[in-house]
Amino acid sequence: MTDLIRLTADEMADALAAKDISSLELTRAHLERIAAVDGGVHAFLHVDGEGALAAARTIDERRSAGEALPRLAGVPIGVKDVMATKGLPTTCGSKILQGWVPPYDATLVTRLRQSGLPILGKLNMDEFAMGSSTEHSAYGPTHNPWDLERIPGGSGGGSAACVGSYQAPLAIGTDTGGSIRQPAAVTGTVGTKPTYGGVSRFGLVALASSLDQAGPCTRTVLDAALLHEVIGGYDPMDSTSIDAPVPPVVEAARRADVSGMRIGIVRELTGEGFQAGVQKRFDEAVEHLVDAGAEVVEVSCPSFTYALAAYYLILPSEASSNLARFDAMRYGLRVWPSDDASAEQVMAATRAAGFGDEVKRRIILGTYALSSGYYDAYYGSAQKVRRLIYDDFASAFERADVLVSPTSPTTAFRFGEKMTDPMSMYLQDIATIPANLAGVPGMSVPSGLADEDGLPAGFQILAPATRDERLYAVGAALEQRLDAAWGGPLLDRAPTLASAFSGAMGSSYADARDGEGR
Amino acid sequence: MPELTRADVAHLAGLARIAMTDDELDRMVGELGIILESVAKVQQAPIEGVEPMSHPLPLTNVNRPDAVHPSLSAAAALAGAPEVDQQRFSVPRILDEE
Chain G
88 MTDLIRLTAD
98 EMADALAAKD
108 ISSLELTRAH
118 LERIAAVDGG
128 VHAFLHVDGE
138 GALAAARTID
148 ERRSAGEALP
158 RLAGVPIGVK
168 DVMATKGLPT
178 TCGSKILQGW
188 VPPYDATLVT
198 RLRQSGLPIL
208 GKLNMDEFAM
218 GSSTEHSAYG
228 PTHNPWDLER
238 IPGGSGGGSA
248 ACVGSYQAPL
258 AIGTDTGGSI
268 RQPAAVTGTV
278 GTKPTYGGVS
288 RFGLVALASS
298 LDQAGPCTRT
308 VLDAALLHEV
318 IGGYDPMDST
328 SIDAPVPPVV
338 EAARRADVSG
348 MRIGIVRELT
358 GEGFQAGVQK
368 RFDEAVEHLV
378 DAGAEVVEVS
388 CPSFTYALAA
398 YYLILPSEAS
408 SNLARFDAMR
418 YGLRVWPSDD
428 ASAEQVMAAT
438 RAAGFGDEVK
448 RRIILGTYAL
458 SSGYYDAYYG
468 SAQKVRRLIY
478 DDFASAFERA
488 DVLVSPTSPT
498 TAFRFGEKMT
508 DPMSMYLQDI
518 ATIPANLAGV
528 PGMSVPSGLA
538 DEDGLPAGFQ
548 ILAPATRDER
558 LYAVGAALEQ
568 RLDAAWGGPL
578 LDRAPTLASA
588 FSGAMGSSYA
598 DARDGEGR
Chain C
55 MPELTRADVA
65 HLAGLARIAM
75 TDDELDRMVG
85 ELGIILESVA
95 KVQQAPIEGV
105 EPMSHPLPLT
115 NVNRPDAVHP
125 SLSAAAALAG
135 APEVDQQRFS
145 VPRILDEE
């Protein structure tokens with residue numbers, strides 16, 4: 088592993104600006120890393136070496152010509168396969184979109200290109216972002232860089248594993264119920280779900296439109312802030328986009344100041360149900376924040392105990408409606424059950440063949456929750472609970488500037504452990520879901536390794552809507568103190584994958600992969 | 055709460071346009087039963103008189119000036135189509151549905 092790829096994105100930007108390195112060199116180093124380790128990790132569904140190198144060359148030429156470039160120009164990035172990328176396959180981890188090449192870029196992707204970030208490729212995910220482990224990807228799971236036998240979280244396991252294994256310093260994720268934060272927690276990386284409406288959803292293949300939000304996946308809090316600044320801000324193409332400047336996230340990350348800040352511990356999101364080692368690292372992290380000058384208050388959000396139930400009605404309802412667009416008519420898979428089949432029969436056969444089990448489960452559940460006679464009891468009740476959760480946040484934020492909890496109740500589990508029991512998989516998101524229901528921003532930063540299994544745990548920070556900068560102030564302050572206590576970043580203690588992959592293990596993973604995916 | 059039956063799931067799968075085998079239906083009835091029992095918890099929350107909330111942001115209608123902008127060419131829009139005929143999406147027959 089070259090030292091170049093272990094730099095932070097901020098350091099890479101410095102080196103590029105000083106012309107100590109070129110973007111071509113940097114991009115090539117990451118492509119070499121991908122070639123070396125991704126056979127074992129499987130973070131990427133598609134690698135676009137040629138496109139990334141071409142973008143890098145352009146940036147180098149513009150820099151040589153003396154042009155003033157955006158801060159992250161030349162720093163390579165990976166993009167979750169849920170974002171439309173013109174000319175690059177976009178599958179959402181689903182067979183139904185296998186081989187689909189979008190004719191346009193998502194707004195977020197346009198901003199990455201305009202800011203000069205070479206796009207290395209598309210990252211693996213649970214099919215249509217439904218899952219907490221990437222085991223629901225139609226192209227095989229991503230493996231956790233800390234232990235290749237374990238899940239990297241989900242749905243954005245590809246994004247988290249990509250930055251966690253130094254295949255890119257930056258990645259884009261999306262978070263509907265925790266899909267940026269939970270993968271960050273179990274891979275020892277950083278992930279932010281911005282305020283709903285803070286980052287454009289135009290060109291993001293919709294799962295649940297009132298919950299979906301794209302955001303940064305990185306190794307440091309400052310890197311997340313730098314990327315947040317690039318992708319955030321008003322977009323006229325998204326009717327739910329907030330028409331206001333991006334919150335001052337970079338400044339907050341650089342200052343890392345929590346003195347006088349009131350940190351609220353949510354009673355309902357600690358203790359019972361949380362793995363002992365995860366809880367212990369959380370408690371210590373709170374102590375570090377107190378040492379840094381923050382004040383701790385305990386808050387209660389009683390409606391949070393209903394959040395999971397409300398979420399698993401609202402999400403399937405919206406998803407069943409959004410996924411109706413995969414009808415075998417205009418793009419994607421088309422399956423003929425017989426030569427003279429009708430449109431309806433083709434649709435049913437295509438969706439049967441193109442969707443995986445979890446997607447089918449949620450579509451059926453949503454169809455049920457929205458059906459006449461059950462609407463009030465299920466979807467209607469869930470919407471009322473959503474209001475209660477929103478109100479709970481409002482009162483909690485009167486007493487505290489930010490709320491904190493462990494991000495995920497456990498560390499990374501082994502493949503297959505929760506696949507036969509959907510409810511146990513859903514519980515992974517118990518602490519992250521409330522933020523999506525209320526639209527408030529959230530972040531996960533590493534809190535350390537759990538004593539019982541030596542695997543990473545995450546510390547979640549939540550802030551009031553549009554006050555995303557508070558996440559960065561708290562996240563950066565905690566990161567600073569924990570890195571000092573550990574004598575370096577947590578990821579320094581992760582296995583160097585080059586050796587893990589050089590043996591027979593790697594080839595068996597490679598065999599299990601879907602050839603079409605790459 | 056009414057129990058979800060196999061016939062219910064078959065009906066829902068039809069509404070959702072997903073063909074399902076007998077095995078799939080059997081499995082789905084059991085799994086959905088467990089999930090439904092769990093999500094029905096929303097009915098026990100103190101929700102009486104609470105205004106439903108569909109969206110986290112106070113939404114207002116968004117308008118833009120009625121100006122012509124460049125859009126996808128027909129060729130680009132059709133590029134991902136399963137079948138194209140005379141610069142149009144070609145689709146299976148829609149008449150004589152069962």
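Going down the list, the sequences are from chains G and C.
Residues in the first sequence are numbered consecutively from 88, following our numbering.
Residues in the second sequence are numbered consecutively from 55, following our numbering.
By construction, the Cβ of each residue, glycine as well, lies at the ideal position given by its N, Cα and C atoms.
Residue i Cβ short of 7 angstroms to the ligand NAP heavy atom set
| i | result |
| --- | --- |
| G/Ala340 | Because no ligand of any kind appears in the structure shown, any question about the ligand NAP cannot be addressed here. |
Check whether residue i and residue j have beta carbons under 8 angstroms apart
| i | j | result |
| --- | --- | --- |
| G/Ala130 | G/Thr229 | yes |
| C/Val63 | G/Ile450 | no |
| G/Val277 | G/Thr305 | yes |
| G/Arg438 | C/Arg71 | yes |
| G/Thr177 | G/Trp187 | yes |
| G/Gly264 | G/Tyr398 | yes |
| G/Val308 | G/Ala340 | yes |
| G/Phe502 | G/Glu222 | yes |
| G/Gln300 | G/Ala537 | no |
| G/Leu313 | G/Ala152 | no |
| G/Lys167 | G/Pro528 | no |
| G/Ala550 | G/Val489 | yes |
| G/Lys209 | G/His133 | yes |
Short CB-CB distance (under 8 angstroms) between residue i and chain G
| i | result |
| --- | --- |
| C/Leu111 | yes |
| C/Gly134 | yes |
| C/Asp139 | no |
| C/Leu69 | yes |
| C/Leu79 | no |
| C/Pro119 | no |
| C/Ala128 | no |
| C/Val122 | no |
| C/Glu57 | no |
| C/Ala73 | yes |
| C/Ala61 | no |
Rounded C-alpha distance that separates residue i from residue j
| i | j | result |
| --- | --- | --- |
| G/Thr357 | G/Leu524 | 19 angstroms |
| G/Ala606 | G/Val169 | Any answer about residue 606 of chain G is impossible in this case: the structure gives chain G only from 88 up to 605. |
| G/Arg120 | G/Tyr253 | 7 angstroms |
| C/His123 | C/Ala131 | 16 angstroms |
| G/Glu98 | G/Asp262 | 27 angstroms |
| G/Ala102 | G/Ile108 | 6 angstroms |
| G/Pro163 | G/Val273 | 23 angstroms |
| G/Glu504 | C/Ser92 | 20 angstroms |
| G/Tyr513 | C/Ile89 | 10 angstroms |
| G/Leu175 | G/His315 | 23 angstroms |
| G/Ala116 | G/Glu385 | 47 angstroms |
| G/Ala587 | G/Gly319 | Note that G/Ala587 scores 49 on pLDDT, short of 50, meaning its location in the model is unreliable and no value can be drawn from it. |
| C/Asp150 | G/Ala193 | 39 angstroms |
| G/Ile259 | G/Pro303 | 5 angstroms |
| G/Pro389 | G/Arg486 | 15 angstroms |
| G/Asp612 | G/Gly443 | What the structure shows of chain G is the stretch from 88 to 605, and residue 612 of chain G is not part of that stretch, so it cannot be assessed. |
| G/Ser531 | C/Gln98 | 31 angstroms |
N- and C-terminal bounds of the beta strand (DSSP E) containing residue i
| i | result |
| --- | --- |
| G/Ser534 | 529 to 536 |
| G/Leu257 | 257 to 261 |
| G/Leu490 | 489 to 493 |
| G/Leu210 | 206 to 210 |
| G/Ser382 | Reading off the sequence, residue 382 of chain G comes out as Glu, not Ser. Here the beta strand (DSSP E) through G/Glu382 covers 382 to 386. |
| G/Val353 | 349 to 353 |
| G/Gly165 | 164 to 167 |
| G/Pro543 | 543 to 549 |
| C/His65 | No beta strand (DSSP E) contains C/His65, which is instead part of the alpha helix (DSSP H) from 60 to 69. |
| G/Leu132 | 131 to 134 |
Min CB distance residue i to chain C below 8 angstroms
| i | result |
| --- | --- |
| G/Pro303 | no |
| G/Ser326 | yes |
| G/Phe442 | yes |
| G/Leu475 | yes |
| G/Tyr559 | no |
Alpha helix (DSSP H) segment containing residue i, residue limits
| i | result |
| --- | --- |
| G/Ala560 | 556 to 573 |
| C/Gly131 | One detail in the question is off: residue 131 of chain C reads as Ala in this sequence, not Gly. Residues 128 to 132. |
| G/Pro189 | Run containing G/Pro189: none; DSSP gives neither H nor E here. |
| G/Ile108 | Element bounds for G/Ile108: n/a, residue is neither H nor E. |
| G/Ile92 | That residue, G/Ile92, is in no alpha helix (DSSP H); it is neither H nor E in DSSP. |
| G/Lys280 | It is not in any alpha helix (DSSP H) - G/Lys280 instead sits in the beta strand (DSSP E) that spans 277 to 280. |
| G/Phe484 | 468 to 486 |
Can you list, in chain order, the stretches of the beta strand (DSSP E) that have 3 or more residues and sit fully within the segment 294 to 338 of chain G? 301 to 305
Pick out the complete alpha helix (DSSP H) segments inside the segment 381 to 425 of chain G, 4 residues or longer, and give them in chain order. 394 to 409
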